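Residue 17 is where the sequence shown starts when you use my numbering, and the numbers rise one by one after that. C-beta: ideal position from N, C-alpha, C; glycine also. Since this is a predicted model, take the numbers as computed values, not measurements. Reading through the structure tokens given below for one structure.
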Amino acid sequence: MEYQPDLKNITGVGGAIAAIVPASIAAELGLQPGDLVLAVGDRQLRDVIDYRFAIAEERIELLVRRGDEQTIYEIEKDADEDLGIEFVEPLFDRLRTCNNKCPFCFLTQMPKGMRKSLYLKDDDYRLGFLYGNFVTLTNLNEHDWQRIEEQHLSPMYVSIHATDRALRAVLLGKADLPDVLEQIGRFGRLGIEVHTQIVALPGINDGAVLHESIRALAEFYPVVQTIAVVPVGLTKYRFTGKRPQSIRAAIHVHETAEWIDTNWERQPLWDAATPSQGQAAGHSGANLSDQLGHCARQIVAADVPMRCFQADEAARVIDLIEPYQHQFRHDLGTGLVYPSDEFYLLSGRAMPAADQYDGMPQYSNGVGMTRDFIDGWARAQRRLPARMPVPTRLTLVCGTLIAPVLQRVADRLNRIEQLSVTLLPVVNQFFGPQVTVSGLLMGADVAAALRAAGTQRALLPRVMFDHSGTRTLDEYTLEQIAAESGAAVALAGEADELLRYVRVLAKATDRTS
């Protein structure tokens, strides 16, 4: 899940201190939460990146404001020694917002009346560097490029969607966008690595268009470190009011081994399945197009309805990507392109083994999370108690997509003597049943489902709450869900958290037995 800044905490004049690390330099200076760090030496601070860059010296001067008073602190330290300051927000000056109009943007698919920060469309490359937020690069200016070079802000996280410039313009809703492949090439010249994502829409940028995008991005390896392909998410509000229902001028590609002498243009198409087109041993990845097959390609102006992937379509995306992974792993030593977990869950396919994710660099983008949980649970379940001291009931709450995986967890827990575990997949009434991930569950929907099921004790997915674990998207707290449902509720995310909860539950019931 991407980091969500809160505009009210961005001061525009410096970094507001949230906390001071005990026994740190900042603690010795008497700095306090609420103080504003304005500058280090003569460098005005725009964000925490500037701050970290500036304090990497043995002697620094720190300008701090408390109320109406400003104080300069002269500090001597080791160059790599931190001051012990934690900031309220990583950005001090302003947030770079999105100037695109993506027709499938999730933030435009929410109803009115939710908290303001949920409607905030950030497209700030600094959040990409700091937190892995994906950005489109459509708002970079020359000053930004200079800063990226000077501070070596690597890696960056870039939303591609399609490498074809015309189609990408349609998908971003912006006609005058820069060439993203040229931008990636510039990153390469600066020594900056890039992680990319393609939000796939059925019938629009999947199929042969996805072939083209993967092939084009692979040409930039090792600058392009990963390509994640994730399915589009559409809420029920997409199909109401004046919101766009379809995408115009989608590019359709008809694949054929023959050349059709009409208004079609010849384009290369990666064909790893053809032995004669296999890459030579030791190929570096710099000239992948030399080994490509060909297809006929036609640009067609058409209205393609936006919709979610069906199970068979999700399977076809996996089938398209996996040959690339095998070829890239052979030639480059990495899989490079990865379908997100949603494609496997939706299609009913088994998750790849952990080593197929190459360290899971796009974990927070939903690539490898499920495999990580499955493997974590395989280890954790060995430490489960054999029995509960008294008969105990527990409900595991989740979104509908992950239910088959968690059903196996529930089945294992039910082997514990005197423990009865029920899985409760909650249908998303707020966003619509087509929104199936646990991270978008609403507190009201969960409370209603628990109440209807007569649940007494439930474990909720941590991912449905914000980073602090205090509130859901509809502003429900854990306490409010408990009050409305009548159930004792707790949170768990990782397999180890689930294990700890069950072990603590066993001890608690032992004390009350």
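Integer Cβ distance of residue i from residue j, believed to fall under 8 Å
| i | j | result |
| --- | --- | --- |
| G459 | V442 | At roughly 11 Å, the Cβ-Cβ gap does not stay under 8 Å, so G459 and V442 are not in contact. |
| L507 | G485 | 6 Å |
| V80 | L52 | 7 Å |
| R467 | G502 | 6 Å |
| Y67 | G100 | Contact doesn't hold; Cβ gap of about 12 Å is too wide. |
| L435 | T408 | 5 Å |
| V56 | L78 | 6 Å |
| Q341 | V353 | 6 Å |
Option nearest residue i by Cα separation, candidates the options
| i | options | result |
| --- | --- | --- |
| E102 | R478, Q48 and K117 | Q48 |
| I41 | V64, D94, K128 and R81 | D94 |
| Y517 | P477, Q372, T154 and E105 | P477 |
| E556 | D109, I76 and T154 | No information on residue 556 is available, as it lies outside the stretch 17 to 529 that the chain covers here. |
| L336 | D222, L136 and A511 | D222 |
| L6 | G100, L146, E209 and I71 | Missing from the structure shown is residue 6; the chain here goes from 17 to 529 and no further. |
| C324 | F255, L352, Q378 and V413 | F255 |
| E105 | E73, V29 and P171 | V29 |
| P355 | N381, V505, A55 and R345 | N381 |
| T525 | R184, P405, N157 and Q125 | P405 |
| K117 | A191, V320 and D347 | A191 |
| Q162 | M322, L206 and Q60 | L206 |
| G189 | T152, A224 and E165 | T152 |
| G148 | R131, G204, H211 and I176 | H211 |
| G83 | A72, I33 and F69 | I33 |
| R365 | Q423, F150 and V333 | V333 |
| R62 | D160, D391, Q378 and E85 | D160 |
| V186 | Q167, C121, A330 and D58 | C121 |
| T471 | G129, M367, E500 and H168 | E500 |
| T493 | L457, A469, P238 and A419 | L457 |
| E329 | I36, I220, V37 and T251 | I220 |
| T386 | I418, M172 and P377 | I418 |
Any non-hydrogen atom of the ligand HEM within 7 Å of residue i CB
| i | result |
| --- | --- |
| L78 | What this structure holds is no ligand at all, so the ligand HEM is not there to describe. |
Under the three-state DSSP convention, the category residue i falls into
| i | result |
| --- | --- |
| E209 | coil |
| Q378 | coil |
| I220 | coil |
| E158 | helix |
| T408 | strand |
| M126 | coil |
| D192 | coil |
| Y492 | coil |
| R398 | helix |
| T525 | helix |
| L336 | helix |
| S356 | coil |
| V186 | helix |
| G204 | helix |
| A369 | coil |
| Y517 | helix |
| T350 | coil |
| A330 | helix |
| R254 | helix |
| R539 | Outside the modelled stretch of the chain, which goes from 17 to 529, sits residue 539, for which no answer is possible. |
| G31 | strand |
| A503 | coil |
C-beta neighbour in chain C for residue i, strict 8 Å
| i | result |
| --- | --- |
| T179 | No chain C appears in the structure shown, which is made up of a single protein chain. |
**Report entry** Entirely enclosed beta strand (DSSP E) segments - the region 224–252, minimum 3 residues
**Finding:** The region 224–252 contains, as complete beta strand (DSSP E) runs of 3+ residues, the segments 240–247 (chain order).
Query raised in the report: In chain order, which continuous runs of the alpha helix (DSSP H) of length 4 or greater are located wholly inside the region 40–111?
Result: 41–45 and 64–70
Query raised in the report: Does the region 203–217 come close enough to the region 235–252 that 3 or more CB-CB pairs lie under 8 Å?
Result: yes
Requested in this report: Mind the definition here: the region 369–384 touches the region 395–406 only if three or more C-beta pairs lie below 8 Å; say whether that holds.
Outcome: no
**Report entry** Complete alpha helix (DSSP H) runs within the region 412–490 (minimum length 4 residues, chain order)
**Finding:** 419–429 and 459–469
Query raised in the report: Going along the chain, which unbroken runs of the alpha helix (DSSP H) with 4 or more residues stay wholly within the region 130–183?
Result: 141–147 and 158–166
Query raised in the report: Just checking, does the region 193–200 make contact with the region 128–148 on the three C-beta pairs under 8 Å criterion?
Result: no
Query raised in the report: Touching or not, the region 424–435 and the region 443–452, by the rule of three or more beta carbon pairs under 8 Å?
Result: no
Query - Touch test, the region 408–426 against the region 180–191, Cβ-Cβ under 8 Å, three pairs minimum - result: Contact between the region 408–426 and the region 180–191 is absent, because fewer than three Cβ pairs lie under 8 Å.
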